[in-house]
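Chemist:
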Amino acid sequence: MSRRHVLKAGTAAAAGAALSAPAIRGAAAQARRETLLLVSENPPNSTDIHGVGANRPAYEASWNLYDRLMTFGVKKDANGVDHYDYTRLEPELAEEWILTPTSVTFKLRRDATFHDGTPVTAEDVKWSFDRAVSVGGFPTFQMRAGSLEKPEQFVVVDRHTFRVDFIRTDKLTMPDLAVPVPAIYNSGLAKKHATAADPWAMEWLRANPAAGGAFRLERWVPGQEMVFARFDDWKSGRRPALARVIWRIVPQAGNRRALLERGDADISFDLPPKDFQELAAARRLKIVGTPVENAMQYIGMNVTRPPFNDVRVRRAIAHAIPYQRIMEQVTFGTAVPLFGGPAEPTEPVWPQPSPFVTDLDRARALLAEAGYPNGFETTLSFDLGLASLNEPIAVLVAESLARLGIRVTINKIPGANWRNELLKKELPLITNTFGGWLNFPDYFFFWAYHGQNAVFNTMSYQNPEMDALIDRSRFTQDEAEYRAAVKGFIAKAWEDVPRVPLFQPKLMVAMRENVEGYRYWFHRQLDYRVLAKV
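Just add 1296 to wherever you are in the sequence shown, counting from 1, and you've got our numbering.
1. Excluding the 5 residues flanking A1474 on each side, which residues of the same chain have their C-beta closer than 7 Å to its C-beta?
2. What does M1366 pair with, by DSSP beta-bridge criteria?
3. D1472 and G1433 - do their beta-carbons sit closer together than 7 Å?
4. According to DSSP, is Q1593 helix, strand or coil?
5. So, helix, strand or coil for K1720, using DSSP?
6. State the CB to CB distance for the pair T1269 and A1614, rounded to an integer number of angstroms; the pair is presumed to be in contact (CB under 8 Å).
7. Where does S1532 sit, in a helix, a strand or coil, going by DSSP?
8. Check whether the segment 1371-1382 touches the segment 1742-1757, counting contact only when three or more Cβ pairs, one atom from each stretch, lie closer than 8 Å.
9. Work out the CA separation of F1678 and K1708 for me, nearest whole Å.
10. Alpha carbon to alpha carbon, what distance is there between Y1824 and V1811?
11. Starting from the C-beta of W1500, find all residues in its chain whose C-beta is less than 6 Å away, skip the five residues before and the five after it, and write them out in chain order.
12. Please identify the residue among G1637, D1529, F1628, G1519 whose C-alpha is closest to the C-alpha of K1802.
13. In the DSSP assignment, the alpha helix (DSSP H) including A1806 goes from what residue to what residue?
14. Return the first residue and the last residue of the alpha helix (DSSP H) that G1731 is part of.
15. Spell out the partners DSSP gives E1812 in its beta bridges.
16. Candidates Y1619, P1649, L1682: which alpha carbon is nearest D1655's?
17. Return yes when the Cβ of K1403 is within less than 7 Å of the Cβ of E1392, no when it is not.
18. Determine the extent of the beta strand (DSSP E) in which K1582 is found, giving its start and end residues.
19. Can you tell which of P1397, T1401, T1396 has the C-alpha that lies nearest to the C-alpha of P1387?
20. In chain order, which alpha helix (DSSP H) runs of at least 4 residues are fully inside the segment 1611-1661?
21. If you reduce the DSSP assignment to three classes, tell me which class W1543 lands in.
22. Is T1398 helix, strand or coil when you go by DSSP?
23. Let me know if Q1593 comes out buried or exposed under the rule of 16 or more other beta-carbons within 10 Å of its beta-carbon.
24. Three-state secondary structure (DSSP) at S1684?
25. Hey, out of P1644, F1652, L1333, Q1449, whose CA is closest to G1636's CA?
26. So P1435 packs on V1477, CB below 8 Å; how close in whole Å?
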């Protein structure tokens, strides 16, 4: 090419660039509007909610990658914030359903496909449900909470019709079908990666979604970043406004706050409570705080091993907790106290304040009575992925117990490993948050206190009297019997005190002013499908 041709080509290119600059700027602006940058402390350890040890951030990945048959409706809370409505079930992958006393039959969307273009069929739904009730652990316990217990309950009627047969009358069955666990997997894709040793493809699905939800996984660097891209062929709801979501892990709370304040990040929901208090006062960002339904932060004690197998020691710990200091120095108004209540529960509601208050003299007397006048040594563990809340609680509790001669070693467990450590049921003393997805007291207690010893019964507590009260409340059709059973199991929890309630947390979210559509969900994670930037 001659110099003249090069110059002419360069001039033409420059002119073209100049002419297209507004279009380029417009496209760039649109890309920014359609991209959300989320920063958080705790990384997801899986994309498969059925996976062993899948942590709470993994719920967010699964929720946005996968569909379920149904979802919950939406309502406004007292502050005008969108809030899921557990009294209303709405279609997602299922267009409609027919409910009878013995079964529910779902009609699937005929045009729904997975991310690879494979049509979604009733066979996929059955395989997914069979998997959930068969792999054991968390997903199997979750399905059992709604009396979804065995593969024989799940029936393929035809290619786009799926039926669930009930084994008993259970008020939790239908809402349990709308929580994250009964996600619909691409069974054909998953089976390609199954082996004789791993028939449900657990290992492959941990990092490789076989999904058909509103977003697909574009990239994942474990512990650092997860990138989601909108699935434009999604048929189970309104097309999301966001085209991409970048979820970046920023362990230092100060850095997360700085990114938000500079406008370099759009949203975060695990800043320290003091930061939320200061950001709310500054009024530069949107701050939303919602009490987490059916949830509490607690101190849990392993009742199967000394010294916490002695109820007197557990009661001593309950009287040694510095409750008010925790509220003032840790939560900064972002929680509801759960201590200093009446001696007996007065209403069948949960959570409610326990009767315990800080009383070190009473704690010393109980320890002496139990044979520990000089205290003992123990380890207090917490999830490092939520260190901004857990660590100051652990420090204050350890300081208070030291006044009784109890020598505490603080054990910081990485967030990716926390659930697996809980599953071992070996930790003597922990601080943790548990929230029941379905807003019923009996649901919380089924998970946290029932002798089936589910993963969230972190204390390994078992008492036949407690089990009988929980079971009665779950299945009775009599309102008076239900109320009596609920108050009965709450009273039993305070009597045996395997865990000490501290507070009901609020889910605090900070976002830029141009972020709209935030919705509070029971799983305490973000729903990208309803978020938008304006």
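By construction, the Cβ of each residue, glycine as well, lies at the ideal position given by its N, Cα and C atoms.
Modeler: Short version:
1. Closer than 7 Å at Cβ, skipping near neighbours: R1364, M1366, T1367, F1368, L1385.
2. For M1366, which the question treats as bridged, DSSP gives the partners P1387.
3. Between G1433 and D1472, the CB-CB gap reaches or exceeds 7 Å.
4. In the three-state DSSP reduction, Q1593 falls in the strand class (E or B).
5. Here DSSP, grouped into helix, strand and coil, assigns K1720 to helix.
6. Outside the displayed range of the chain (1297 to 1830) lies residue 1269, so it cannot be described from this structure.
7. Three-state result, S1532: coil.
8. Using a Cβ-Cβ distance cut-off of 8 Å, the segment 1371-1382 and the segment 1742-1757 are not in contact, since fewer than three pairs of beta carbons, one from each stretch, lie closer than that value.
9. Their Cα atoms are separated by approximately 6 Å.
10. CA-CA distance, V1811 to Y1824, rounds to 11 Å.
11. Correct list, in chain order: H1489.
12. For the residues G1637, D1529, F1628, G1519, the minimum Cα distance to K1802 belongs to F1628.
13. Per DSSP, A1806 lies in no alpha helix (DSSP H) segment; the continuous beta strand (DSSP E) that holds it begins and ends at 1795-1807.
14. Premise fails: G1731 lies in the beta strand (DSSP E), 1725-1731, not in any alpha helix (DSSP H).
15. Note: E1812 sits in a beta bridge opposite A1828.
16. Selected option, being the one with the closest Cα: Y1619.
17. Closer than 7 Å, so yes.
18. Run containing K1582: 1582-1587, per the beta strand (DSSP E) assignment.
19. Comparing Cα-Cα distances from P1387 to each of P1397, T1401, T1396, the minimum goes to T1401.
20. List check, alpha helix (DSSP H) in window: 1619-1622.
21. Reduced to three states, the DSSP call for W1543 is strand.
22. Note: T1398 maps to coil in three-state DSSP.
23. Burial is judged here by how many other beta carbons sit within 10 angstroms of a residue's own beta carbon; Q1593 has at least 16 and is buried.
24. Note: S1684 maps to helix in three-state DSSP.
25. Measuring from the Cα of G1636, the nearest candidate turns out to be F1652.
26. The C-beta separation of P1435 from V1477 comes to about 5 Å, placing the pair in contact by the 8 Å criterion.
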